[in-house]
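Trainee:
Numbering (the numbering used here), first residue to last: 39 to 493.
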């Protein structure tokens, strides 16, 4: 992604399309000069709003009347001179202004390039940049709150606490290596270092235990609809979604592939997935659909097992029940077809919920049960949470390195300080990777290319 940082870039920072206002953002050494050319040389005062006519520098044709803001570097989002042109949101206006900026030597920004420059200029670290990306993409209140915390530095501050404990231990070890005969650094290496490392490992493990929450708030909580063919899974999916997303047919085995809908339940993003019904089959496509249904059941956070309540075959779909876990829900469907829906009889599951997706009976209770389980799993965390796979990997590697250092420290025949120091440096590198102190261009490109152009 990375082009020369000496380039001055511009891009539309607001959504593309007709609107009342659109924002063009400029960043770089030539941002102020280019803006002055568009305003016929009228100067801009930093951090003040100016109402200005924008004109074509060559033809002097008026392009638009805009509100213009100037942020002098390094006290700007990118750390460079930044100018924002708040134009009328007409595509004709934006195209005309953009054409003039290109003629003035600016270039169009790439996706995430403004935020990448902010990172390169130490205006924010990698965790804060990812928090910004998550905030822009947030669709639920829980996602918004989590992203705001990460963008505001909550997780970064936690990493700094970890690093301070790590560096304090590393300083003691290196003093032992460099000055083994000095009285002020001699003594019990274990006694001086072990308590701090034990505290650090405890903090790392606490965050790893909460990682499931952070990633699921960000990516969504997955619910699988499971059961025999024609049990009403697709009808229930459509009823929960409020629209027809899955094919509903009286013919058994209509669903062959996974069909998903996303809902907000309890303020959290929830994905509900319909799957192929379970039955003996020789059809290769249906067999593959059943295999995918079982895989879906294994990775889902919650499973809803459906059984057709209008039929007497209580054994249908029993193979799916072997996939059940604590907290899963069991639904007796199509109860509108029963003259007298009764509670489960002796020998049947006593926690089944009666539901008719066709009439809506029982749907509110199903949603309430789902919300209870989602909230219990994804409720408020007491520590800043890890939100991406790379976070979990980095903290996991740091924790393993700290454990290795502690193992070396407590060897019965005595510790080798050099090995302890090496393990602690490995832990430090992993934490540096987390905030972006240690990075590769490939990782940075992957993160910043996920932003929209103009961000």
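The beta-carbon is built from N, C-alpha and C at its ideal position, and this holds for glycine as well.
Taking Cβ positions, are residue 129 and residue 106 nearer each other than 8 Å?
Mentor: Contact: no.
Trainee: Of the choices 132, 101, 467, whose alpha-carbon is the least far from that of residue 439?
Mentor: Considering only alpha carbons, the answer is 467.
Trainee: Going along the chain, which residues of its own chain have a beta-carbon closer than 7 Å to the beta-carbon of residue 193, five neighbours each way excluded?
Mentor: Around residue 193: 165, 422.
Trainee: For residue 292 and residue 260, I'd like the C-alpha separation in whole angstroms.
Mentor: Summary for residue 292: the model assigns pLDDT 45, below 50, so the residue's position carries little reliability; its value from the coordinates is reported in the next sentence. Answer to the nearest angstrom: the Cα atoms are 22 Å apart.
Trainee: Relative to the C-alpha of residue 154, which candidate in 82, 375, 168, 308 has its C-alpha closest?
Mentor: That would be 168, whose Cα lies nearest to the Cα of residue 154.
Trainee: With distances taken between CB atoms, is the gap from residue 344 to residue 235 smaller than 8 Å?
Mentor: Cβ distance not < 8 Å, so residue 344 and residue 235 don't count as in contact.
Trainee: In the structure shown, what three-state DSSP assignment does residue 232 receive?
Mentor: DSSP places residue 232 in helix when its eight states are reduced to three.
Trainee: Pick from 459, 369, 307: whose alpha carbon is nearest that of residue 180?
Mentor: Nearest C-alpha to residue 180: 307.
Trainee: Return helix, strand or coil for residue 127, following the three-state DSSP convention.
Mentor: Of the three classes helix, strand and coil, the one that applies to residue 127 here is strand, per DSSP.
Trainee: Alpha carbon to alpha carbon, how far is residue 442 from residue 435?
Mentor: Rounded to the nearest angstrom, the two C-alpha atoms are 11 Å apart.
Trainee: Going by DSSP, what residues sit across from residue 299 in a beta bridge?
Mentor: Answer by DSSP bridge pairing, in chain order: 310.
Trainee: If contacts are defined as beta-carbon pairs under 8 Å, then residue 447 and residue 433 qualify, I think. What distance do you get, rounded to the angstrom?
Mentor: Actually they are not in contact, since the Cβ atoms of residue 447 and residue 433 sit about 21 Å apart, beyond 8 Å.
Trainee: For the stretch 403 to 418 and the stretch 194 to 203, state whether three or more C-beta atom pairs, one from each stretch, are separated by less than 8 Å.
Mentor: Result no; under three Cβ-Cβ pairs closer than 8 Å.
Trainee: What does the Cβ neighbour count give for residue 420, buried or exposed, with the cut at 16 atoms within 10 Å?
Mentor: Flag for residue 420 reads exposed.
Trainee: Tell me residue 108's beta-bridge partners as DSSP assigns them.
Mentor: Paired residue(s): 121.
Trainee: Would you identify the three-state DSSP class for residue 362, choosing helix, strand or coil?
Mentor: Three-state DSSP puts residue 362 in coil, outside helix and strand.
Trainee: Suppose contacts are defined by Cβ-Cβ distances below 8 Å. Is residue 127 in contact with residue 59 by that definition?
Mentor: Against a cut-off of 8 Å, the Cβ pair of residue 59 and residue 127 comes out as a contact.
Trainee: What is the residue span of the beta strand (DSSP E) that residue 44 lies within?
Mentor: Where residue 44 is concerned, there is no enclosing beta strand (DSSP E), given that its DSSP letter is neither H nor E.
Trainee: What residue range does the alpha helix (DSSP H) around residue 169 cover?
Mentor: Here the alpha helix (DSSP H) through residue 169 covers 164 to 175.
Trainee: Should residue 120 and residue 63 be called a contact, given that it needs their Cβ atoms to be closer than 8 Å?
Mentor: Taking 8 Å as the Cβ cut-off, residue 120 and residue 63 qualify as a contacting pair.
Trainee: Pull up the distance between the alpha-carbon of residue 52 and that of residue 122, whole angstroms please.
Mentor: If I take the Cα positions, the gap works out to 11 Å.
Trainee: Under a Cβ-count criterion, where at least 16 other Cβ atoms within 10 Å of its own Cβ denotes burial, should residue 487 be classed as buried or exposed?
Mentor: Counting Cβ neighbours within 10 Å, residue 487 comes out exposed, since fewer than 16 surround it.
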